[in-house]
Amino acid sequence: MKRALFTMTVLMASAMSFAQAQTSAPMVGLERVKAPMPVNKVFQAATKADMPKKSIYNGNYYTVPSGALYMGYNLDDMGYQATFVNIPGLMSGTFTNMNENPFSATWTWNGNNANELGLVDENNNFVWIGMPSNGADGIRYVPAPVLNGADSYTLPSSYNQNGIISVDRLSALTYADPHIGRQIYGTSGFMSTQYLWGTGDASVFDIIDNEDGTKDTVDVVTKSFGFAQHYTKPMSPLYIENIFIPGISANNNQNPLGDKALTMQIVGDSGNMIAEFTVKQEDLINRNNTNYLEPFGTPSLWTIKFENVVDDPVWGEMVEPIIINEGFTIMVTGFDQEGVDLGLYGFQADGTEVTAPLDVESGVMLTKREDGTTKEVMYAGVLSIPITFTALTDNVFVQTDLTYTDQATGDIQEFPNSNVLRISENGADSYLESGADVSLYVSTATPWEDGGYIIEMVETNDDSEWLNLTPTNNTEYWEQSGSGFNLLNFTANPINAGEGRWAVLKVSGRGVESESPIIILQGTATLDDVPTGIENVVNDNNVKADPNAPVYNISGQRVSKDAKGILIQNGKKFMNK
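Counted the way our numbering counts, the sequence shown spans residues 34 to 610.
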């Protein structure tokens, strides 16, 4: 359920902020708000003029695929001087054309007409087809719609550099590009501490309906005890090692949490509790600030790192990553505990850069009164809490079809069912049943040995012990080819002559599993012996090469039809070996 909360504008002054949690605080739901919320006197209702503006004033711009994240700054405050949007490896996505007349713009990609590449859909949106992960060493071009033959748009960046990246390792990822906005450090007259969120009293007012039809307003002092912020479902399951937020404590307070703990709860849109973390003073990273900042004096700046620490019976305390694969809300509570003095600051996208609503919504302040009732208050514009995920996005794909182009004649030969591997009777050797090659081609978003990929037997006509589920893998191919492919083979126990057995396997990663299975045959077994009731026994993703259409590589460069690896033709990918 999408939390579409009404936004409001607050008058803000520069200062810094951060937030923390109360372990005993109740969960606060974020119901859909259907009417303007009561606001304090320092607020004013948002007007159309306050809404984010288009970055190109004639309207030539686009939105990135929903759930795509950006490269941010890591725990050491290190980041790129460029805007990089992360499209998960092997995932497709749509860059939506936001021109008032979508067909007024022509899409290009790396200088090529994207329509000729087949990368434009019927609504004149650019369709990114799933590319292998490439990490920071392989930045790809972003699409660019050109209006009237002149005006062009790409991802906005204060450094005028941008690109598409598919991270292949844990990286600092955010839902809002940190290069296109500004930090808002505090309020003026709203919170008693001047923080935006966190510790402090917040003055709000209630609207009272009188019997004569008039309305009165009553000032109410509430106590801020937490915040909540909703996020769109990530494009691919988000594998998270830790979550961190910048914070502030006024007047060089070196112990802003005292002996208290803060709690972060992550709740999925399904209502399920995904994770719950706590953080104590010893978990805060001191940024050793020496700058004076009105009205906080010389504040202490912190990085608050939340992670899922578990007590393993063998290894002791260790961090256990979590996986998020739905829209979710992050709630941090505990700011109102005695002895806690911690605030959060906000991030606001530049009005000249924002092109569409971000996949992160405005941060919601959670307040409560003396009688225990709670109230939600929002800043706006959109003003969010800058939260960063040390994470990666995973994917795995079993190639079911291979294509071979004869370099001498140019003839194209197609090999369907290339996810079927036959093992010799002695169990030592294997080759593709299609005859295309000796190894299975399995794409992964990260290197096989780093990703903890698991192969499981779904069904077999024999006991499960006959097949060795640990494959042999040409691991160098993933790194050297840039294709994202692993070349897998399996071994098995010997089988008697005249006997046959088969198995259906699935490959799983971090929150993902292959749509198509691997099918193993040995002895007299054939594909016809495998029950058709098993879903996706052979997933029909065959892409036929067109001998007359131009071919491009994954960098958008036109290549010959006998080029090797992953190629693009008519907006489709195929593997030419």
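No residue lacks a Cβ here, since even glycine has one placed at the ideal position from N, Cα and C.
DSSP three-state assignment for residue i, whether helix, strand or coil
| i | result |
| --- | --- |
| residue 227 | coil |
| residue 136 | helix |
| residue 301 | strand |
| residue 325 | coil |
| residue 546 | strand |
| residue 520 | strand |
| residue 213 | helix |
| residue 514 | helix |
| residue 492 | strand |
| residue 280 | strand |
CA-to-CA distance, residue j to residue i, given in whole angstroms
| i | j | result |
| --- | --- | --- |
| residue 615 | residue 557 | Nothing about residue 615 can be read from this structure; the chain reaches only from 34 to 610. |
| residue 334 | residue 310 | 21 angstroms |
| residue 196 | residue 164 | 14 angstroms |
| residue 218 | residue 379 | 6 angstroms |
| residue 465 | residue 473 | 7 angstroms |
| residue 1 | residue 368 | Past the boundaries of the shown model lies residue 1; the chain is included only from 34 to 610, so the question cannot be answered. |
| residue 294 | residue 467 | 59 angstroms |
| residue 470 | residue 439 | 15 angstroms |
| residue 478 | residue 356 | 15 angstroms |
| residue 513 | residue 326 | 50 angstroms |
| residue 396 | residue 419 | 9 angstroms |
| residue 301 | residue 307 | 6 angstroms |
| residue 374 | residue 285 | 11 angstroms |
| residue 233 | residue 365 | 15 angstroms |
| residue 456 | residue 492 | 17 angstroms |
| residue 347 | residue 353 | 14 angstroms |
| residue 280 | residue 305 | 28 angstroms |
| residue 454 | residue 262 | 48 angstroms |
| residue 223 | residue 376 | 14 angstroms |
| residue 107 | residue 421 | 8 angstroms |
| residue 481 | residue 549 | 18 angstroms |
| residue 555 | residue 502 | 14 angstroms |
| residue 99 | residue 475 | 26 angstroms |
| residue 101 | residue 517 | 20 angstroms |
| residue 324 | residue 299 | 34 angstroms |
Beta-carbon proximity list for residue i, same chain, < 8 angstroms, skipping 5 on both sides
| i | result |
| --- | --- |
| residue 288 | 314 |
| residue 92 | 131, 132, 133 |
| residue 400 | 235, 237, 255, 256, 257, 258, 407, 408, 409, 410 |
| residue 303 | 359 |
| residue 372 | 290, 291, 292, 293 |
In DSSP terms, what residue i is bridged to
| i | result |
| --- | --- |
| residue 351 | 343 |
| residue 373 | None, per the DSSP bridge assignment. |
| residue 242 | 248 |
| residue 103 | 118, 207 |
| residue 364 | 261, 298 |
| residue 503 | Looking at the DSSP assignment, residue 503 forms no beta bridge with any residue, so it has no partner. |
| residue 464 | 455 |
| residue 306 | 300 |
| residue 429 | 477 |
| residue 534 | 555 |
| residue 275 | 423 |
Own chain residues within Cβ distance below 6 angstroms of residue i, not counting five before or after
| i | result |
| --- | --- |
| residue 460 | 524, 525, 526, 527 |
| residue 622 | Given a span of 34 to 610 for the chain in the structure shown, any question on residue 622 remains unanswerable. |
| residue 160 | 127, 152, 154 |
| residue 320 | 334 |
| residue 562 | 535 |
| residue 211 | 105 |
| residue 203 | 274, 423, 425 |
Contacts around residue i, its chain only, beta-carbon distance under 7 angstroms, and the 5 residues preceding and following it disregarded
| i | result |
| --- | --- |
| residue 252 | 236, 238 |
| residue 495 | 534 |
Closer than 8 angstroms: residue i CB and nearest the ligand FMN heavy atom
| i | result |
| --- | --- |
| residue 438 | Among the components modelled here there is no ligand, and therefore nothing to report on the ligand FMN. |
Is the number of C-beta pairs between the stretch 125 to 139 and the stretch 225 to 237 that are closer than 8 angstroms three or more?
-> no
Examine the Cβ distances between the stretch 201 to 215 and the stretch 362 to 381 and report whether three or more of them are shorter than 8 angstroms.
-> yes
Segment contact flag, the stretch 415 to 433 with the stretch 105 to 120, C-beta cutoff 8 angstroms, min 3 pairs | yes
Are three or more beta carbon pairs between the stretch 142 to 151 and the stretch 100 to 117 nearer than 8 angstroms?
-> no
Would you call the stretch 258 to 272 and the stretch 356 to 368 in contact, with 3 or more CB pairs under 8 angstroms?
-> yes
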